[in-house]
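Our numbering puts the first residue of the sequence shown at 1362, with every later residue one more than the last.
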Amino acid sequence: KVTRADVEVQPYAFTTKSLFVGHMDYKYLRWQVVDTPGILDHPLEDRNTIEMQAITALAHLRAAVLYVMDVSEQCGHSLEEQVELFRNIKPLFANKPLIIVANKCDVKRISELPEDSQKIFEAFEAEGFSVIETSTLTEEGVIQVKTEACDRLLAHRVDTKMKGNKVNEVLNRLHLAMPTKRDNKERLPFIPDGVVARKKRMEVDTPKRKLERDIELEMGDDYILDLQKYWDLMNSSEKYDKIPEIWEGHNILDYIDPDIMRKLEELEKEEELREAAGEYDSEPESEDEEMMEIRQLARKIREKKKLKILQSKEKDVHGPRMPRTAKKVQRKVLEKEMTDLGLDMTNKDDAHYVRRSRSTTRKRKREESETPRSVSRSRSCSRTPRDVSGLRDEKMVKKAKIMAKKAQKKMNRLGRKGEADRHIFNLKPKHLLAGKRKSGKTQRR
């Protein structure tokens, strides 16, 4: 919490396994805070690498040392054991500012300890060590430890420099000038009147400005944001005037009748009086037979249309849509449709319902002469050519040609001789690339 270092904190011992360095600012100076691993009370040769890191840092760093003790004894070691460890590593604190930090004062304070335990801290103070109670949980005393350690380290460094050999060389360059008294006239500091008035206003509690947020909290759901009251106009009475809406150079308000609502109410009252008088209760005129037939036919058409829609939905065809001319027409469906249209379909059992073709002409007699052997027999002219077989019309033939051309593009791009061409070219012929490179150009290898 003192520095910006991200240090792991856990409720068990030996969480810190290496040196953690954090940075902080104090009195416009940059400071380093080193968190060392814990040390157990046993001989030096029995200590592991983690403990030796802390001992090395204490021995070689010129810093202020904070010896943290657990006053509540929740760490598993009594105060006597912690003091014994302090006596063993005390030589490492030589010529360094030392502060005893009594941690976990939120659990138990020094004044709540037994007399024997209190005498331990009194002995520390008698030896000249500062004892400060802290709690990292409630942050009590943390800033005091920081201030005390930094101030003592600064004073220690100044004393060290003053005892050095270079002090005299530096003192010769310094000159402390003290002003001499000129006369007995008092010269008070000049403070402007505006500063004095501002200070008086700061001492008096002036009413705070009421913000829109405060008004919103007071009114609740009835609050409506009103920004027009903050408009800075020459005439404050014009804040809530309606802004004219201009459309194509004309003011829409000029074309609105101000009495339109009153006139609308009059029209509604007049309409109610007419309905009450029975003006709209007259019987409708009787329709003639022709109009009734038209309405009946229109009803049938609408019903037929609905049936067609339902039949189409029942089919639920998701395949390709065929044109009407290419679809097969069933004979029963055709007869029913023609009958509905008014045609007489009786005695039509043998009808084929096709357009009458041209009558066949009389064939020419076949001659008995033999065809020469050099002329091969031609194929029957009635057979459809293979390139257009299965194609319905000219449009379908054109589409088939386009599809064939697109399918041929890949073969043309790869330079194949045909669909069965699977030849794999040798891009690096060995007889041209193998061998030693002799003197000459690299054009031939």
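For every residue, glycine included, the Cβ atom is placed at its ideal position computed from N, Cα and C. The model shown is predicted, which means the values in this text are computed figures rather than measured ones.
Asked                                                                                                                                                                  : Found
If you count every other CB in all the chains shown that lies within 10 Å of the CB of residue 1494, and 16 or more means buried, which is it?                         : buried
So residue 1376 and residue 1370 are supposed to be a Cβ contact under 8 Å. How far apart are they, rounded?                                                           : 7 Å
Rounded to the nearest angstrom, what separates residue 1583 and residue 1633 at their Cα positions?                                                                   : 38 Å
What residue does the alpha helix (DSSP H) around residue 1655 start on, and which one ends it?                                                                        : 1650-1676
With a threshold of 7 Å (Cβ to nearest heavy atom), would residue 1452 be considered close to the ligand SAM?                                                          : Absent from the structure shown: the ligand SAM. Ligands present: none.
Here's a check: name, in chain order, each residue in its chain whose Cβ is nearer than 7 Å to the Cβ of residue 1750, leaving out the five neighbours to either side. : none
Within this structure, are the beta carbons of residue 1419 and residue 1453 separated by less than 8 Å?                                                               : yes
Residue 1639 by DSSP, collapsed to three states: which one?                                                                                                            : coil
For residue 1443, which of 1627, 1611, 1428 and 1455 has the nearest alpha-carbon?                                                                                     : 1428
Is residue 1428 helix, strand or coil by DSSP?                                                                                                                         : strand
How far does the alpha helix (DSSP H) with residue 1400 in it reach, from first residue to last?                                                                       : Run containing residue 1400: none; DSSP gives neither H nor E here.
Roughly how many angstroms lie between the CA atoms of residue 1625 and residue 1648, to the nearest whole one?                                                        : 36 Å
DSSP three-state label for residue 1463, please.                                                                                                                       : strand
Grab me the residues of residue 1378's own chain with a C-beta within less than 7 Å of its C-beta, minus the 5 sequence neighbours each way, in chain order.           : 1398 and 1411
Return helix, strand or coil for residue 1496, following the three-state DSSP convention.                                                                              : strand
Exposed or buried, what is residue 1458 when buried is set at 16 or more other beta-carbons lying within 10 Å of its beta-carbon?                                      : buried
Quick one: Cα of residue 1620 to Cα of residue 1604, how far?                                                                                                          : 20 Å
Please state the DSSP three-state secondary structure of residue 1381.                                                                                                 : strand
Which class does residue 1367 belong to by DSSP, given the choice of helix, strand or coil?                                                                            : coil
Closer than 8 Å is the cut-off here; do at least three beta carbon pairs connect the segment 1386-1394 with the segment 1521-1533?                                     : no
For residue 1618, would you say it is in contact with chain C, using Cβ-to-Cβ distances shorter than 8 Å as the test?                                                  : Among the chains in the structure shown there is no chain C, since it carries only a single protein chain.
Once the 5 residues before and after residue 1432 are set aside, which same chain residues still bring their CB inside 6 Å of it?                                      : 1463, 1465 and 1469
If you measure between the beta carbons of residue 1501 and residue 1460, is that distance less than 8 Å?                                                              : no
Under a Cβ-count criterion, where at least 16 other Cβ atoms within 10 Å of its own Cβ denotes burial, should residue 1415 be classed as buried or exposed?            : buried
Any idea what DSSP makes of residue 1390, helix, strand or coil?                                                                                                       : strand
Can you list, in chain order, the residues of its chain whose CB lies under 7 Å from that of residue 1479, leaving out five sequence neighbours each side?             : 1471
Exposed or buried, which one is residue 1558 when buried takes at least 16 other CB atoms within 10 Å?                                                                 : exposed
Indicate the three-state DSSP secondary structure (helix, strand or coil) for residue 1472 in the structure shown.                                                     : helix
Ends of the alpha helix (DSSP H) at residue 1700?                                                                                                                      : 1692-1701
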